[in-house]
Amino acid sequence: MSTWTSDRVRATFLDYFGQRQHRVIPSLSLIPPGDPTLLFTNAGMVQFKDVFTGKGQVEYAAATTAQKCLRVSGKHNDLENVGRTARHHTFFEMLGNFSFGAYFKRGAIEAAWELVAKIYQLPIDRLWVTVHPTDDEARQLWREISGLPDERIKDDPDNFWSMGDTGPCGPCSEIYIDQGKALSGGAEVPFGEGGDRYLEFWNLVFMQFDRSADGVLTPLPRGCIDTGMGLERITALLQGKQSNYDSDVFQPLIQAAAKRAKINYGTGGESDVALRVIADHARSAAFLIADCVYPENEGRGYVIRRVMRRAMRFGRKVGLEDPFLVDVCAEVVRHMGGAYPELRAKAEVIERVVRQEEERFGRTLAAGLKRLEVAFDENQLTQVIPGTIAFELYDTHGFPLDLTQQACEERGFTVDEPGFHAAMDRQRAKGRASWKGTLDTAGDWAALRDSIGTTEFVGYAHDAVESTVLAVLEDGKAIVTAATPFYAESGGQVGDTGRIVGNGGVLIVEDTQRPIEGIVLHRGQLHGVLADGDSVRLEIDADARQSTRKNHSATHILHLALRTVLGDHVRQRGSLVGPNRLRFDFSHFGPLTGAEIQRIERLVNERVLANAPTRTDVVGKEEAVSRGAIAFFGDKYGDTVRMLTIGGDS
């Protein structure tokens, strides 16, 4: 058995370049920050786009990464091929090395050849490379560095890469391996023919031009390098496997699913396809949840729901009726948590979200399929399911459109997609009409409160609660509910974030405010439709709340340290408490000395390291003061207050 485990393959790649003056950079999130052009990170170079275009700078001249990538929507969409080919995946890892002027073609080719031929020790007599027909420099470098004969250095006019219609671009070289004539029906075939026989596994992009809108190529001030090699592909090659799914990247997941289904993998039938789909989609689900993408009916949340429910449907094809994906996702965490610590850190969240989605889908699948059977009978003549029925399945039973399409394809039916989208638009219009009043003054808010009632805050006891929508405001971007666990911004502490989920949509809560006593307003981005009277589940971002709570406790500790060092005259004059930082404003009669700052820091650190237990009590304001509490904001407190006690001190 090969000693080249996927972990060893990844580590070898990163160590090789790390020892050669490349900064080893952690993988970017699957959600590319600040890049509205991408739904997901789909290539290793995404986090360096601004460097390549000159919009940004980094302190290093070369970098290497193992980048987690997702291709499940838009131009790069491999979803329908997953499980049916040896190479297509939704989630994959891209190994890459990048140069921002540190080296160019010679350095890239020398490094690639040494790693492939001497470190990974792939058989040289089976390796081929391609170059762009105009790239004589790369062709000569391959001859010199690799010693490959001319007949194994091929021209390929497609070997030209660009970031877009304009901007950085350049020729590229691809490295191939001949996997043997068994993959071409036992016959010798020319390079490029025979399906997977000649397999490309590493692409070296030589970024050397800037392309203008009229197509003119101007040499860049410095050449850059961007390479990409799929971990799944190189691992399969090193393990002597002709399918990525037969390598140790996927086998633990496939076997976990096969064990649950009580079937064997390797029969070559549809059950193998189902097990491969489950393994692939479990990886996507686990990594998306670890990057805080949760199942919803639109946007990125729709993608993960679509992927998860596709896996669940394939599970039912091999007899898996009870929740099973949660176990396969747990195997993803065990198998890949060492390389990607965020999986282990979010293991409980992954388990909870996947189990909840499986249970929800299990409850609706039977009813949805029953409704679809009726629709098949009703539309036997046309063989087309009306868009209104497809939307009903989506809205009532949680069927993503492609799931309905998949079920229809199996029966020889199609779906009226324009009708589906028209029904969706009508529902959105209905949601936007939920509230037409203006809320510009305190009187307007008071009138709203008199009309709909008040919000009960239950966030001290619960992180999630079921409630009812009282009002949809601000064109669907704000929701008021009868009860909420969301803390509204107050006393310098930022409002909670999280989500409000209903059957028709989800509000990703980005801020929580209290415009008037008794009304808690959840503001954010609405995906789908929520309307007055809808039953919803409100869930705060518990991790962000906990981080905010810690920073809030830190303000109390800092206040105590300031008063201890500087005197009792020190009073808080404001603060900002959020999940990522805190700011504490205070009154004092002069600037702090270096010695005072050091003493304050030491006292705060000692308190933090003591890890003293904390306690909160809801008591009358006078009792709190008599017990030593400091009222930071005077008359902003009500008759009852929450008093925080850390150790023996309030």
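Note that the numbering used here has the sequence shown beginning at 3, numbered continuously upward.
For every residue, glycine included, the Cβ atom is placed at its ideal position computed from N, Cα and C.
Inter-residue CB distance, residue i and residue j (contact presumed, cutoff 8 Å)
{"i": "residue 131", "j": "residue 177", "result": "5 Å"}
{"i": "residue 504", "j": "residue 457", "result": "Their Cβ separation, rounded to whole angstroms, is 17 Å, which puts residue 504 and residue 457 out of contact at 8 Å."}
{"i": "residue 524", "j": "residue 502", "result": "6 Å"}
{"i": "residue 95", "j": "residue 57", "result": "That belief does not hold up - the Cβ atoms of residue 95 and residue 57 are roughly 26 Å apart, past 8 Å."}
{"i": "residue 91", "j": "residue 202", "result": "Not a contact, Cβ separation roughly 15 Å."}
{"i": "residue 617", "j": "residue 647", "result": "5 Å"}
{"i": "residue 488", "j": "residue 528", "result": "Going by Cβ atoms, the distance from residue 488 to residue 528 rounds to 15 Å, so no, they are not a contact pair."}
{"i": "residue 427", "j": "residue 506", "result": "Not really, about 13 Å apart at Cβ, beyond 8 Å."}
{"i": "residue 258", "j": "residue 323", "result": "So it is not a contact: roughly 17 Å between Cβ atoms."}
{"i": "residue 537", "j": "residue 468", "result": "7 Å"}
{"i": "residue 185", "j": "residue 199", "result": "4 Å"}
{"i": "residue 239", "j": "residue 179", "result": "6 Å"}
Which listed residue (the options) has its alpha carbon closest to that of residue i
{"i": "residue 211", "options": "169, 190 and 230", "result": "169"}
{"i": "residue 500", "options": "190, 546 and 536", "result": "546"}
{"i": "residue 284", "options": "66, 337 and 17", "result": "337"}
{"i": "residue 85", "options": "268, 414, 291 and 392", "result": "268"}
{"i": "residue 287", "options": "276, 302 and 274", "result": "302"}
{"i": "residue 305", "options": "618, 33 and 215", "result": "33"}
{"i": "residue 104", "options": "19, 314 and 600", "result": "19"}
{"i": "residue 87", "options": "197, 164 and 333", "result": "197"}
{"i": "residue 312", "options": "264, 405, 295 and 247", "result": "405"}
{"i": "residue 609", "options": "552, 588 and 587", "result": "552"}
{"i": "residue 217", "options": "166, 199 and 294", "result": "166"}
{"i": "residue 408", "options": "420, 392, 423 and 421", "result": "392"}
{"i": "residue 474", "options": "361, 325, 441 and 23", "result": "441"}
{"i": "residue 367", "options": "400, 355 and 394", "result": "400"}
{"i": "residue 204", "options": "241, 184 and 231", "result": "231"}
{"i": "residue 225", "options": "241, 54 and 200", "result": "54"}
{"i": "residue 253", "options": "133, 279 and 229", "result": "279"}
{"i": "residue 68", "options": "61, 48, 59 and 413", "result": "48"}
{"i": "residue 412", "options": "586, 339 and 375", "result": "375"}
{"i": "residue 410", "options": "388, 509 and 421", "result": "388"}
{"i": "residue 588", "options": "615, 597 and 560", "result": "560"}
{"i": "residue 241", "options": "315, 191 and 4", "result": "4"}
{"i": "residue 31", "options": "245, 41 and 250", "result": "41"}
Residue i, enclosing beta strand (DSSP E) - first and last residue
{"i": "residue 210", "result": "200-213"}
{"i": "residue 99", "result": "93-101"}
{"i": "residue 123", "result": "Here residue 123 belongs to no beta strand (DSSP E), and DSSP marks it neither H nor E."}
{"i": "residue 418", "result": "Segment: none, residue 418 is in no beta strand (DSSP E) and carries neither H nor E."}
{"i": "residue 477", "result": "Note, residue 477: premise wrong, no beta strand (DSSP E); not H, not E."}
{"i": "residue 608", "result": "No beta strand (DSSP E) holds residue 608; the alpha helix (DSSP H) holding it covers 596-612."}
{"i": "residue 268", "result": "Run containing residue 268: none; DSSP gives neither H nor E here."}
{"i": "residue 43", "result": "Run containing residue 43: none; DSSP gives neither H nor E here."}
{"i": "residue 155", "result": "155-157"}
{"i": "residue 185", "result": "Residue 185 -> no beta strand (DSSP E), and no H or E assigned at all."}
Boundaries of the alpha helix (DSSP H) in which residue i is found, first to last residue
{"i": "residue 278", "result": "272-292"}
{"i": "residue 319", "result": "301-319"}
{"i": "residue 559", "result": "544-568"}
{"i": "residue 107", "result": "107-115"}
{"i": "residue 162", "result": "Looking at the DSSP string, residue 162 is not in any alpha helix (DSSP H); the run it does join, the beta strand (DSSP E), is 162-164."}
{"i": "residue 51", "result": "51-55"}
{"i": "residue 256", "result": "253-263"}
{"i": "residue 142", "result": "138-148"}
{"i": "residue 705", "result": "The requested residue 705 is not part of the displayed model; the chain covers only 3 to 652."}
{"i": "residue 81", "result": "Taken as a continuous stretch (DSSP letters only), residue 81 belongs to no alpha helix (DSSP H), as it is neither H nor E."}
{"i": "residue 238", "result": "233-240"}
{"i": "residue 178", "result": "Premise fails: residue 178 lies in the beta strand (DSSP E), 169-180, not in any alpha helix (DSSP H)."}
{"i": "residue 13", "result": "8-20"}
Beta carbon of residue i nearer than 7 Å to that of residue j
{"i": "residue 472", "j": "residue 486", "result": "no"}
{"i": "residue 107", "j": "residue 81", "result": "no"}
{"i": "residue 578", "j": "residue 497", "result": "no"}
{"i": "residue 164", "j": "residue 171", "result": "yes"}
{"i": "residue 256", "j": "residue 110", "result": "no"}
{"i": "residue 567", "j": "residue 601", "result": "yes"}
{"i": "residue 102", "j": "residue 72", "result": "no"}
{"i": "residue 265", "j": "residue 320", "result": "yes"}
{"i": "residue 357", "j": "residue 325", "result": "yes"}
{"i": "residue 25", "j": "residue 65", "result": "yes"}
{"i": "residue 134", "j": "residue 100", "result": "no"}
{"i": "residue 156", "j": "residue 193", "result": "yes"}
{"i": "residue 292", "j": "residue 345", "result": "yes"}
{"i": "residue 328", "j": "residue 353", "result": "yes"}
{"i": "residue 508", "j": "residue 526", "result": "no"}
Residue i at chain C interface by Cβ criterion, 7 Å
{"i": "residue 373", "result": "Here there is only one protein chain, and chain C is not present."}
Practice prompt. Could I get the ranges of all uninterrupted beta strand (DSSP E) runs contained in the stretch 321-376, with 3 residues as the minimum, in chain order?
Written response: Taken in chain order, the whole beta strand (DSSP E) runs of length 3 or more contained in the stretch 321-376 number zero.
Fill in: Ranges of the alpha helix (DSSP H) found wholly within the stretch 474-540, counting only runs of at least 4
Secondary structure in the stretch 474-540: no alpha helix (DSSP H) run of 4 residues or longer lies completely within the stretch.
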